[in-house]
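Participant: Below are the structure tokens for one structure; questions will follow.
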Amino acid sequence: MTRPRFLPDNFTLTLISVVILASLLPAGGQVAVGFSWLTNIAIALLFFLHGAKLSRESIIAGAGHWRLHLLVFALTFVLFPLLGLALKPLLSPLIGDQLYMGMLYLCALPATVQSAIAFTSLARGNVPAAICSAAASSLFGIFITPLLVTLLLNVHGEGGSTLDAIVKISVQLLLPFIAGQIARRWIGAWVGRNKSWLKFVDQGSILLVVYSAFSEAVNEGIWHQIPLVDLAGLVVVCGVVLGLVLLASTLLGKAFGFDQEDRITILFCGSKKSLATGVPMAQVLFAGSTIGVLILPLMLFHQIQLMVCAVLAQRYAKRPESVSELMGQVDP
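Each step along the sequence shown adds one to the number in the numbering used here, with nothing skipped, and position 161 is 161.
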């Protein structure tokens, strides 16, 4: 039987189940401490595998398209934060101050890697440039996101400075990533052959963080603090922010004279926010009791962006082939 089109994917259903489980059976005491250690190990393994999977040849192939990368970076790290600040008079009354802080955190995050590349490929965009842009966004986000979080939320990690937050993120996320890049020469082929089941490491680490975060948030009374009307408003807010960024990506791509393939890459790389990076970063940047509220907007935005971009990618995929694509199929 085929899945009904209105149902989310399996991972999203699992994510919802984990939130329900944490709401009904939150971890506490020594169990919570054990989950915290397990979560840190899973996050380190996640970024180690990201480093092992990333091909340096692919990065080099797309690195020369600097104008495209600058525009994607501007959308990710400039337009999103500016929208979050500019829309405060609308967002804060609609969803409350706590979820608004989560929206600001969402706006400070880097772009996705896997889904941005997958949608670009499906829509027949510039895939090498998408690989380079998405990977660079994720890597530079390790340094840029803590700075933006400090500016937008006035948060300095767990009582330290922005530099402390960057150091903590570098140790917990960047060092495993670099170790994965170094180990790629020995395990790269094995990782490539086993991508189908290694994705469960990605998903498992996110589920662990979500369960730990929501367990602590439930113990602090999260569901008594956030009214249902605020959650309903959050759906509208995520849709509005995504729609504005998609519109800006399309208009700016045309205004700067990019061809169709590059505009597709800009659209799908510049409008994404990474759940895989955002959830572990929240674990590092914020106190445990606040993480559950802060990642709620990200979890919802992630699902909305996947559904909307899937429709857009399929529409682009049905367009007639361009001259450049036809020439690319002809052997020299």
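Glycine included, every Cβ here is placed at the ideal spot set by N, Cα and C. None of the values given here were measured: they were computed from a predicted structure.
1) According to the neighbour-count rule (16 or more other Cβ atoms, all chains shown, within 10 Å of its Cβ), is arginine 185 buried or exposed?
2) Check the C-beta distance from alanine 32 over to serine 205 and give it rounded, since I have them as a contact under 8 Å.
3) Starting from the C-beta of glycine 28, find all residues in its chain whose C-beta is less than 8 Å away, skip the five residues before and the five after it, and write them out in chain order.
4) Identify the continuous alpha helix (DSSP H) that holds alanine 108 and give its terminal residues.
5) In angstroms, rounded to a whole number, what distance separates the CA positions of alanine 317 and threonine 14?
6) If I'm right that histidine 69 touches alanine 136 with Cβ under 8 Å, what's the distance once you round it to whole angstroms?
7) Just the C-alpha distance for glycine 159 and cysteine 107, rounded to the nearest angstrom, thanks.
8) Identify which residue in Ile41, Ile304, Arg315 has its Cα closest to the Cα of valine 171.
9) Please classify arginine 67: is it buried, with 16 or more other beta-carbons within 10 angstroms of its beta-carbon, or exposed?
10) I need the DSSP call for aspartate 230, collapsed to helix, strand or coil.
11) Which stretch, first to last residue, makes up the alpha helix (DSSP H) that contains arginine 67?
12) Is the number of C-beta pairs between the segment 108–120 and the segment 240–249 that are closer than 8 Å three or more?
13) In or out: isoleucine 95 buried (at least 16 other Cβ within 10 Å) or exposed?
14) Give the range of the alpha helix (DSSP H) segment to which serine 23 is assigned.
15) Have a look at Ala118, Leu85, Ile20 and flag the residue whose alpha-carbon is nearest the alpha-carbon of threonine 265.
16) Under DSSP, the alpha helix (DSSP H) around valine 171 begins and ends at which residues?
17) Count the CB pairs spanning the segment 72–84 and the segment 266–273 that are closer than 8 Å, and state whether there are at least three.
18) So the alpha helix (DSSP H) arginine 263 belongs to, where does it begin and stop?
19) What are the start and end residues of the alpha helix (DSSP H) that includes phenylalanine 200?
20) At the level of alpha carbons, what is the spacing between glycine 51 and serine 196?
21) Measure the alpha-carbon distance for isoleucine 226 versus glycine 292 and round it to whole angstroms.
22) Quick check: the segment 295–310 against the segment 96–105, are there 3 or more CB pairs under 8 Å?
23) Go to proline 320, then tell me how far its alpha helix (DSSP H) extends in each direction, as first and last residue.
24) Which value, in whole angstroms, describes the spacing of the CA atoms of threonine 277 and valine 149?
25) Could you give the DSSP three-state label for serine 274: helix, strand or coil?
26) In angstroms with no decimal places, state the Cα-to-Cα distance between leucine 234 and alanine 189.
27) What does the Cβ neighbour count give for serine 17, buried or exposed, with the cut at 16 atoms within 10 Å?
28) So the candidates are Leu91, Phe47, Phe11, Pro26; which of them puts its Cα closest to the Cα of valine 241?
29) Report yes if the C-beta distance between glutamate 261 and glycine 84 is below 8 Å; otherwise report no.
30) Spatial neighbours of serine 347 within its chain, please: CB distance less than 8 Å, with the 5 preceding and 5 following residues excluded, ordered by chain position.
31) If you follow the alpha helix (DSSP H) that valine 127 is in, where does it begin and where does it stop?
32) Specify the secondary structure class of arginine 124 as computed by DSSP and reduced to three states.
33) Measuring straight from C-alpha to C-alpha, what distance separates serine 23 and leucine 207?
34) Are alanine 179 and phenylalanine 80 close, meaning C-beta to C-beta below 8 Å?
Facilitator: Taking the coordinates as given:
1) Exposed, by the Cβ-count rule.
2) Wrong, their Cβ atoms sit about 17 Å apart, outside the cutoff.
3) Ser215, Asn219
4) That residue, alanine 108, is in no alpha helix (DSSP H); it is neither H nor E in DSSP.
5) 29 Å
6) 7 Å
7) In this prediction, glycine 159 has a pLDDT of 41, which is less than 50 and means its spatial position is unreliable; what the coordinates show is noted afterwards. About 22 Å.
8) When the alpha-carbon of valine 171 is set against those of Ile41, Ile304, Arg315, the nearest one is in Ile41.
9) Classification of arginine 67: exposed, given that the 10 Å Cβ count is below 16.
10) helix
11) 66–74
12) The segment 108–120 is not in contact with the segment 240–249.
13) buried
14) 10–24
15) Ala118
16) Here valine 171 belongs to no alpha helix (DSSP H), and DSSP marks it neither H nor E.
17) Three or more pairs of CB atoms, one per stretch, sit closer than 8 Å, so the segment 72–84 contacts the segment 266–273.
18) Its alpha helix (DSSP H) spans residues 260–270.
19) 195–219
20) 17 Å
21) 11 Å
22) yes
23) Per DSSP, proline 320 lies in no alpha helix (DSSP H) segment and is marked neither H nor E.
24) 14 Å
25) When DSSP states are grouped into helix, strand and coil, serine 274 belongs to the coil group.
26) Taking C-alpha positions only, leucine 234 is separated from alanine 189 by approximately 42 Å.
27) Under this definition serine 17 is an exposed residue.
28) Measuring from the Cα of valine 241, the nearest candidate turns out to be Leu91.
29) no
30) Shown here, the chain extends from 1 to 332; a query on residue 347 therefore has no answer.
31) 127–153
32) coil
33) 14 Å
34) no
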